[in-house]
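Protein chains: 2
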Amino acid sequence: ARPRVGYFYSGKKPIQSVADGMVDMTAADFQSRPVVITENLSVYDAICQLFLEDVGTLFVVDQQSLLTGVLSRKDLLRTSIGRTELDKIPVHVIMTRMPNIMYCRKQDTLISVAKKMMDSQIDSLPIINEKEGGLEVIGRITKTNITAAFLSLAEDHDL
Amino acid sequence: ARPRVGYFYSGKKPIQSVADGMVDMTAADFQSRPVVITENLSVYDAICQLFLEDVGTLFVVDQQSLLTGVLSRKDLLRTSIGRTELDKIPVHVIMTRMPNIMYCRKQDTLISVAKKMMDSQIDSLPIINEKEGGLEVIGRITKTNITAAFLSLAEDHDL
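Encoded structure:
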């Protein structure tokens, strides 16, 4: 459950309007846990991680735990068609690399995050923290989280 | 662009509240085109269709064009790991079958559709028409469509 700082309840129903509720939503309020792998993991092991963790996107980090790549279910499917030696291909060969990675920060509004995902036609963004030398992955936002936010707006206001 | 029956404009901004706008949204307003394949298509050809059409889910129909199954990117990835003979496996072997398919109708509210997707943890629903003997697929709703709806609420009201 996300924190409801600044909400006032009258019985079950918050006084805040749907518009105000929507504007107040941030990436941090609806984020999921990021699943992170290292650059030399094989494509085979990456696919196993994807199923094990039940996510659609994996984030790839270097030895300093800084973001270097992103792997989607689509990337993994493209690589695995008709190939058997998936245990011999390291993920860094097929991943999308920095600086071509879209990301957001935890204080970003969910509206801006939704816009970024729609504009760039991607299903998931890492939430990052700027560190010396790169970006640390601290969360994950997906279209599932936006769907959850849409639904929570409706439910919070008994729509 | 979805029809705006019953909206009144004052300049760019609709007078309707965000709450009313949200309640009025239906599956039909935000749907995508469904991509449909037949039961005997091979898994290999299904994956090609998925990439060609750039969708996350394929709907499988019988010779009467009635819905018999659903195939997700996840189903296809699971099947393709470490196998080469994907052209020899027909999709009906690996698809999720009726009656285990969640679906919706075009007049359903987007709120109810979002709830169905979140409750059943699926990314996409076929929009169907009831026919004698089965269900005809007439559309598709995904979490991308819900994200678009979320964003359009914000943009319609200059949030």
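So the sequences go chain by chain: A and B. Residue numbers for the first sequence follow the numbering used here, so the first one is 751 and each next one is one higher. Residue numbers for the second sequence follow the numbering used here, so the first one is 751 and each next one is one higher. We put the beta carbon where it would ideally sit given N, CA and C, even for glycine.
By the Cβ rule, the stretch 774-781 of chain B does not count as touching the stretch 793-810 of chain A, because fewer than three pairs are nearer than 8 Å. Annotation: Cβ neighbours of A/Arg823 in chain B (cutoff 7 Å, chain order): Arg823, Lys824, Leu827.
Within chain B, Thr897, Phe900, Leu901, Ala904 have C-beta atoms less than 8 Å from the C-beta of A/Ala864, given in sequence order. What A/Leu802 touches in chain B, judged by beta-carbon distance under 8 Å, is nothing: the nearest beta carbon there is about 12 Å away.
If you compare the alpha carbons of B/Gln871, B/Leu800, B/Ile878 with that of B/Gln857, the shortest gap goes to B/Ile878. For chain B, the residues of the stretch 835-846 of chain A that bring a beta carbon within less than 7 Å of one of its beta carbons are Leu836, in chain order. In this structure, the CA atom of B/Lys866 is about 8 Å from the CA atom of B/Met852. When rounded, the separation of the alpha-carbon atoms in A/Arg833 and A/Val768 is 50 Å. Taken through DSSP and simplified to helix, strand or coil, A/Gly771 comes out as helix. Annotation: B/Gly883 has no Cβ neighbours in chain A at a cutoff of 8 Å; minimum Cβ distance is about 32 Å. Sorting A/Ile888, A/Phe780, A/Arg828 by C-alpha distance to the C-alpha of A/Val793 places A/Arg828 at the top. Close to B/Met868, with beta-carbon spacing below 8 Å, are these residues of chain A in chain order: Thr894, Thr897, Ala898, Leu901. Taking 7 Å as the threshold, the shortest C-beta distance from B/Val887 to chain A does not fall below it.
Contact annotation for A/Val768 against chain B: Ser767, Val768, Ala769, Met772 [CB-CB distance below 8 Å, chain order]. According to DSSP, A/Leu808 shares a beta bridge with A/Leu821. In this structure, B/Leu901 sits away from A/Met772, with a CB-CB distance that is not shorter than 7 Å. When 7 Å is used as the limit between beta carbons, A/Ile872 is near no residue of chain B, the shortest such separation being about 10 Å.
In the DSSP assignment, B/Lys881 forms a beta bridge with B/Gly884. Residues of the same chain with a CB within less than 7 Å of the CB of A/Leu875, apart from the 5 flanking positions on each side, are Met852, Tyr853, Cys854, Val863, Lys866, Met867, Ile891 in chain order. The C-alpha of A/Phe801 lies about 8 Å from the C-alpha of B/Lys824.
In the DSSP assignment, the residues bridged to A/Ser874 are A/Thr892. By the C-beta density criterion, B/Gln781 is buried, having at least 16 other C-beta atoms within 10 angstroms. Here A/Pro849 is exposed. Its C-beta has fewer than 16 other C-beta atoms within 10 Å.
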